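Residue numbers (our numbering), protein chains in the order written: chain W, 6 to 58; chain H, 6 to 438.
Even for Gly, the Cβ is constructed at its ideal location relative to N, Cα and C.
What you are looking at is a predicted structure, and each value in this text was computed from that prediction instead of being measured.
What follows is a single structure, written as structure tokens, with notes after it.
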């Protein structure tokens, strides 16, 4: 059984957990597929509204 | 680190604890349906000649008041601050989810105008089907679930969709379709946006954020987007101000509707947290059933309608209730929960969130004693929201709408009973985490 805190990725250089800081956290956010799908839906909705209004 | 994973990444969460959380989540989903349905009552004011954009904006203002005051009242702003320090990236996702909500809500106005509520409602209720897809694709929901659970969720969702179609057909007293293509596109668009809005929800709850903290930032995205849309759609600040001033005597009811909506949404958030979006969202979509009850009993809709219409109402209601029951019975077992934990671990790793925080919050627990409350700030927020509501109440007058006071009181009593009962169950199981 492996302790979660021992996950190698958590200790990788520059990760937020290793003290990489706010910049790294934002970089992770901008690469997050969840963000991309959310932004795509929002853009599509705004375009649709523009067409309807 | 006390949180440890087995071979499949499973957190050691007892079967009994899982069952308690599942029960709290299902009850929250059902209560969400009742409160979200009741919040539709003020939209009847559109029939009194109020602009749909003003109705929507005023409700969002009520939502804003509730979403800052209720969390301050229930858990305190200090707890919100502590959640944000653990996972600050979720503020972005919460605000984006709020923006999605506002755009979707505006799309529904066009959908109702162009094809009527009857066609529009079931179309945008497809959001729960999309919620299932995103739940499976992004958050490993239902993977590792048995065939029985899959069957219950899929058949339940389809039964609810069929029920929604029947109920919508029954409420076809709307204006005839004006522009079918535009209306259908608007309704489907709203469904896609609302369905996708659950991605940030689930993301936040897998990471461990409390729903009370999430909605505090959600509402900022919501009010900014709705304000911008209202300005764009009414033609600028001056026309918008004129419309709001003309509606001032009923603004209180719309604010109150927004408040009621928030209570429903909070329950929906807890459902998404504890049973996942693939189960929580279909459950809260029973709001259509409750909306219909308000329409039938309080506002006398369908009075003198044909036997066919009443057949559709009874059939649709039964299909929805059975669908919700099927989904509620599709308990997430420990194998599925282990995969949720894996998805949570991935989130924690990506953003470097403390695993102990993620684990304890996912289990509905807290690893540390509650943050000391900032009583002064909490009290000031609650007092300000109360003052605003009271100010609008003093200029409010009874809307020019016929309604049945006895039925309204009975439904309101049922709402309060669900608030007390489910609120207590949720408090006992999770302390509102």
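Closer than 7 Å to chain H by CB, residue i
| i | result |
| --- | --- |
| residue 47 (chain W) | yes |
| residue 41 (chain W) | no |
| residue 53 (chain W) | yes |
| residue 50 (chain W) | yes |
Among the options, the one whose alpha carbon lies nearest that of residue i
| i | options | result |
| --- | --- | --- |
| residue 318 (chain H) | H:215, H:223, H:295 | H:295 |
| residue 93 (chain H) | H:380, H:359, H:396, H:379 | H:359 |
| residue 57 (chain W) | H:108, H:22, H:21, H:90 | H:108 |
| residue 171 (chain H) | H:428, H:297, H:194 | H:297 |
| residue 37 (chain H) | H:415, H:131, H:285, H:125 | H:285 |
| residue 154 (chain H) | H:396, H:356, H:338 | H:338 |
| residue 325 (chain H) | H:302, H:127, H:95, H:184 | H:127 |
| residue 343 (chain H) | H:130, H:148, H:44, H:119 | H:148 |
| residue 35 (chain W) | H:165, H:356, H:110 | H:356 |
| residue 70 (chain H) | H:336, H:228, H:413, H:346 | H:228 |
| residue 42 (chain H) | H:280, H:120, H:303, H:240 | H:303 |
| residue 130 (chain H) | H:118, H:145, H:173 | H:173 |
| residue 219 (chain H) | H:406, H:396, H:384, H:89 | H:89 |
| residue 40 (chain W) | H:352, H:118, H:380 | H:352 |
| residue 291 (chain H) | H:306, H:105, H:349, H:270 | H:270 |
| residue 313 (chain H) | H:415, H:114, H:175, H:101 | H:175 |
| residue 73 (chain H) | H:277, H:384, H:305 | H:384 |
| residue 44 (chain H) | H:416, H:428, H:217 | H:416 |
| residue 78 (chain H) | H:217, H:341, H:46 | H:217 |
Minimum Cβ-Cβ distance from residue i to chain W less than 7 Å
| i | result |
| --- | --- |
| residue 103 (chain H) | no |
| residue 278 (chain H) | no |
| residue 210 (chain H) | no |
| residue 323 (chain H) | no |
| residue 115 (chain H) | yes |
| residue 342 (chain H) | no |
| residue 336 (chain H) | no |
| residue 19 (chain H) | no |
| residue 191 (chain H) | yes |
| residue 201 (chain H) | yes |
| residue 236 (chain H) | no |
| residue 213 (chain H) | no |
| residue 15 (chain H) | The predicted position of residue 15 (chain H) is uncertain, since its pLDDT is 45 and thus under 50; a value taken from the coordinates is nonetheless stated next. For residue 15 (chain H), the answer is no, since every Cβ of chain W falls outside 7 Å of its Cβ. |
| residue 194 (chain H) | yes |
| residue 179 (chain H) | Because residue 179 (chain H) carries a pLDDT of 45, less than 50, the predicted location of this residue cannot be relied on, and no value is offered for it. |
Contact set between residue i and chain W, taken where Cβ atoms lie within less than 7 Å
| i | result |
| --- | --- |
| residue 187 (chain H) | 57 |
| residue 143 (chain H) | 39 |
| residue 427 (chain H) | The contacting residues do not exist; residue 427 (chain H) stays about 29 Å from chain W at best. |
| residue 305 (chain H) | Residues of chain W passing the Cβ test: none, with the nearest at roughly 32 Å. |
| residue 108 (chain H) | 47, 50, 51, 54 |
Cut-off 6 Å between Cβ atoms - residues of its own chain near residue i, not counting five sequence neighbours on either side
| i | result |
| --- | --- |
| residue 263 (chain H) | 64, 67, 68 |
| residue 56 (chain H) | 248 |
| residue 116 (chain H) | 125, 188, 191, 192 |
| residue 282 (chain H) | 136, 140, 203, 207 |
| residue 199 (chain H) | 109, 132 |
| residue 215 (chain H) | 88, 438 |
| residue 334 (chain H) | 157 |
Beta-carbon contacts of residue i that lie in its chain and below 7 Å, excluding the five residues immediately before and after
| i | result |
| --- | --- |
| residue 59 (chain H) | 248, 249, 252 |
| residue 231 (chain H) | 61, 62, 65, 107 |
| residue 98 (chain H) | 205, 208, 209 |
| residue 236 (chain H) | 242, 245 |
| residue 434 (chain H) | 25, 26, 29, 369 |
| residue 268 (chain H) | 40, 424 |
| residue 276 (chain H) | 30, 33, 34, 37, 285, 288, 289 |
Residue-level contact to chain A via CB, residue i, 7 Å cutoff
| i | result |
| --- | --- |
| residue 198 (chain H) | Of the protein chains in the structure, W and H, none is chain A. |
Contact list for residue i against chain W, beta-carbon separation under 8 Å
| i | result |
| --- | --- |
| residue 205 (chain H) | 39, 43 |
| residue 111 (chain H) | 54 |
Contact set for residue i: own chain, Cβ-Cβ below 8 Å, skip 5 residues either direction
| i | result |
| --- | --- |
| residue 402 (chain H) | 254, 255 |
| residue 430 (chain H) | 28, 29, 32 |
| residue 160 (chain H) | 328, 331 |
| residue 19 (chain H) | none |
Cross-chain neighbours of residue i in chain W, by beta carbon under 9 Å
| i | result |
| --- | --- |
| residue 136 (chain H) | Near residue 136 (chain H) there are no residues of chain W at all, since even the closest Cβ is about 13 Å away, more than 9 Å. |
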